[in-house]
Amino acid sequence: MVRVPDPPVPLNLAVEVWPAGTEIVRVHSLARPPSAFNAAPGLARFRPVTGTAGAVVATLYGGEAVEAAFAETVFHDLVPGARRSLPFARIEQRAVSWFELTRDLRLAQLHGFGLLRAGVKASELTDTPPRTYARTAPWGQAIYEHPERVDGIAWMSRQFNSQRALLLWGDRVSEADVGYRSGSTVALFMGTGLELVSDIALRAGFARIDRP
1 MVRVPDPPVP LNLAVEVWPA GTEIVRVHSL ARPPSAFNAA PGLARFRPVT GTAGAVVATL
61 YGGEAVEAAF AETVFHDLVP GARRSLPFAR IEQRAVSWFE LTRDLRLAQL HGFGLLRAGV
121 KASELTDTPP RTYARTAPWG QAIYEHPERV DGIAWMSRQF NSQRALLLWG DRVSEADVGY
181 RSGSTVALFM GTGLELVSDI ALRAGFARID RP
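The numbering of the sequence shown is this note's numbering, which starts it at 1 and goes up by one.
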């Protein structure tokens, strides 16, 4: 049984800077613009977070490279050892897009010494399964309310732990700050996008993609 501790008070927060010009990658729904923030109240690792007016703060998830972006979405709760195929439903309504930050972003560091400073282990927070999200989401709220007023959170992707995933808050980061690369969006269900998915899925341990 995974035990997720409460965020300590006070929270000793390490902050890292992602400088302007840094590339980030996002896998997102084809039904939404590539740089749109998500204001839905759904439960995830570090959300929902509510602002001072009590409204849910919109978020944007991504990764520092394409593998982390896929790991946090398409492969998010799949276990390659338990199944040999990737459901086509995971990709048929999704696309991948590339961005280049237009300003420096300050992110809470929940990896490396950042975890040590916060008094928590990866196995208790960032490397936990979705069933723990009701316990991990309060960490997002605590970090959002921290006096450092960071722009979001960075941690090592659970499914691809050699790259960082990130979450940004829409009331502190704008779509312009994220810097969408015009024309970079690729649908995942066909052509170049499907080739990319197939390559990464094979590397992740999925032998094939289930076709409809």
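Here a beta-carbon is modelled for each residue, glycine too, at the ideal position from N, C-alpha and C.
{"query": "According to DSSP, residues forming a beta bridge with residue 169", "result": "59"}
{"query": "Touching by the beta-carbon criterion (3+ pairs, under 8 Å), the segment 104-118 and the segment 187-202", "result": "no"}
{"query": "Unbroken beta strand (DSSP E) run spanning residue 109, endpoints", "result": "105-110"}
{"query": "DSSP state of residue 193 mapped onto helix, strand, coil", "result": "helix"}
{"query": "Residues near residue 60 by beta carbon distance below 6 Å, same chain, minus five either side", "result": "37 and 168"}
{"query": "Candidates 28, 158 and 184, of which the one nearest residue 77 by Cα", "result": "158"}
{"query": "Within 7 Å, strictly: CB atoms of residue 66 and residue 25", "result": "yes"}
{"query": "As assigned by DSSP and simplified to three states, the class of residue 22", "result": "coil"}
{"query": "Cβ pair residue 124, residue 4 closer than 7 Å", "result": "yes"}
{"query": "Where residue 36 sits in the DSSP three-state scheme", "result": "coil"}
{"query": "Beta-ladder partner(s) of residue 205, from DSSP", "result": "Bridge partners of residue 205: none, in fact."}
{"query": "Buried versus exposed, by CB contacts within 10 Å (16 or more), residue 13", "result": "buried"}
{"query": "Segments of 3+ residues assigned as beta strand (DSSP E) that fall wholly inside the segment 115-185", "result": "152-156 and 164-169"}
{"query": "Cβ-based burial, residue 182 [other Cβ within 10 Å; buried from 16]", "result": "exposed"}
{"query": "Nearest-angstrom Cα separation, counted from residue 96 out to residue 113", "result": "31 Å"}
{"query": "Residue 99 (DSSP reduced to helix, strand or coil)", "result": "strand"}
{"query": "Beta-carbon gap between residue 101 and residue 52 smaller than 7 Å", "result": "no"}
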